[in-house]
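First the structure, in the form of structure tokens, and then the observations on it.
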Amino acid sequence: MASAGSFGRLSLLLALSLCSALASTVPGEAPRRFWIEGDAFWKDGARFQIVGGDVHYFRIVPEYWKDRLLRAKALGLNTIQTYVPWNLHEPEPQSWEFKGFADIESYLRLAQELEMLVMLRVGPYICGEWDLGGFPPWLLTIEPALKLRSSDSTYLFLVERWWRVLLPKVAPLLYENGGPIIMVQIENEFGSFGDDKNYLHYLVQLARRYLGNDIVLYTTDGGTTNTLKNGAILQDDVFAAVDFSTGDDPWPIFRLQKKYNLPGKSAPLSAEFYTGWLTHWGESIATTTASSTAKALKSILCRNGSAVLYMAHGGTNFGFYNGANTGQTEFEYKADLTSYDYDAPIKEHGDVHNPKYKALRRVIHECTGTPLHPLPADIERASYGLVKLQKVASFFDIFDKICDPLKVAVSEQPLSMELTGQMFGFLLYVSEYQGKGT
């Protein structure tokens, strides 16, 4: 039996609950909602055109997050797209990192503070010219060997463990919950890799478990029949977006896109509109002209299509996080640069007073009517002068003094970096052998 005091508290709680229920049904306060209908995006009851750009939080020092987002907004963008690299947030098994430039929650809240929406690409594979496509290297040490990007049960267990940490952080920041996130991407260009639909279905179910059924889930695949057939998840009502070479006629590709979406659910979207391209070590810096890029963007936006600039701002592959590609054969290793400038309109150092930024800004204004924000000033730079290095010692002379002999790995066969428990950096291999006649 409740005491008089507890009865009073119960009455107060009931009254507060009633007030809360009444407040949620006040006329004119429609719930926040983002959805696809009539082959168009809709936000809070009005048609919405996504004019977005990739700006990756992990390629920018946090001190410059706001600066780069403001420059993206001044370009005319209303949406930011970013990957989430698993290896940044779980560098060692169940060792979680969400501080510094891994503080994704602060980045997402900052985007909202600046009145920008977010398309979040949670992987687990991201590509993005990022080391191992965002997979933690320790996945390669597991025996028996995992089959990545598949229905391999151990791999799926580890993905679920990762998303069980990530997605609850993301859920409060969904648009319907008052946050900036309007869409969440499943995998990344999977149609160019395989056709394991059970794997994709599992990822959808996992995302829905933590994010609910109202968030718009999407995939991004190349605009061909084969890639869309392999990568689209039509049965799960996942929106299939496309990417294609800048300069290709987008509208035949958007018509093909409709075949891999439910009726009325195929808003034309180029989820990666390439403003430039990646560069490998030893190559000339990849560039594209401002005029051709602007012309291609105009062909989408001025016909009410949506596009996300890849990249709006490229940034930097800090440390050893730069990825790599194969060349003509799988044995040809082509490492990406530390710089991820990408010839994007917002340069690696933040400058925007360049022909491409100005041309894209004009097109966005012309096609969408977005007000022209004042052009931000370029960041002042200074020369640090020459730094002279003085030799102190040879590494081999001090090796035994700086290395812990108890942590030296000994093996009859050379070990990979991952098997030594090291994620990045350098390994020194030392071998002893007995020569003939000794």
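Quick note on numbering: the sequence shown equals residues -23 to -1, 1 to 415 in mature numbering (1 follows the signal peptide of the UniProt record, and there is no 0). All C-beta atoms, glycine included, are put in the ideal place defined by N, C-alpha and C. None of these values were measured; they are calculated from a predicted model.
Check, Outcome
"According to DSSP, what are the bridge partners of residue 203?", "Per DSSP, none; premise fails for residue 203."
"Under the rule that 16 or more other beta-carbon atoms within 10 Å means buried, what is residue 111, buried or exposed?", "buried"
"Compute the minimum distance between the beta carbon of residue 291 and the heavy atoms of the ligand GDP, and state whether it is under 7 Å.", "The ligand GDP is not part of the structure shown, which contains no ligands of any sort."
"Since residue 132 is in the alpha helix (DSSP H), which residue starts that stretch and which ends it?", "130 to 147"
"Please classify residue 236 as buried or exposed, where buried requires at least 16 other C-beta atoms within 10 Å of its C-beta.", "exposed"
"Specify the secondary structure class of residue 257 as computed by DSSP and reduced to three states.", "strand"
"Checking the sheet assignment: what are the DSSP bridge partners for residue 30?", "57 and 286"
"For the candidate residues 206, 202 and 58, whose alpha-carbon lies nearest to that of residue 173?", "206"
"So is residue 220 buried or exposed if we call it buried at 16+ other beta carbons inside 10 Å?", "buried"
"Quick one: is residue 264 buried, meaning 16 or more other Cβ sit within 10 Å of its Cβ, or exposed?", "exposed"
"Would you kindly work out how many angstroms separate the C-alpha atoms of residue 364 and residue 374, rounded to a whole number?", "24 Å"
"Starting from residue 64 and walking both ways along the beta strand (DSSP E), at which residues does that stretch end?", "Segment 63 to 66 is the alpha helix (DSSP H) holding residue 64; no beta strand (DSSP E) there."
"Note down the Cα distance separating residue 90 from residue 157, rounded to an integer number of angstroms.", "9 Å"
"So what does residue 247 bridge to, in DSSP terms?", "219 and 284"
"Which runs of the beta strand (DSSP E), 3 residues or longer, sit entirely within the segment 149 to 176?", "158 to 162"
"By the 10 Å Cβ neighbour count, where 16 or more other Cβ atoms means buried, how is residue 155 classified, buried or exposed?", "exposed"
"Would residue 161 and residue 116 qualify as a contact pair, given that the criterion is a beta-carbon distance under 8 Å?", "no"
"Pick helix, strand or coil for residue 358, following the three-state DSSP scheme.", "coil"
"Counting only the same chain and skipping the five closest in sequence on each side, list residues whose C-beta sits under 8 Å from that of residue 278.", "26, 28, 284, 340, 341, 344 and 345"
"Taking only the alpha-carbon atoms, compute the straight-line gap between residue 51 and residue 300 and give it to the nearest angstrom.", "30 Å"
"Leaving out the 5 sequence neighbours to the left and right, which residues in its chain are closer than 6 Å to residue 101 when beta-carbon positions are compared?", "63 and 136"
"Go to residue 84, then tell me how far its beta strand (DSSP E) extends in each direction, as first and last residue.", "Per DSSP, residue 84 belongs to no beta strand (DSSP E); it is in the alpha helix (DSSP H), 81 to 90."
"Using 8 Å as the threshold, is the C-beta distance between residue 215 and residue 196 below it?", "yes"
"Using DSSP's beta-bridge definition, name the partner residues of residue 323.", "290"
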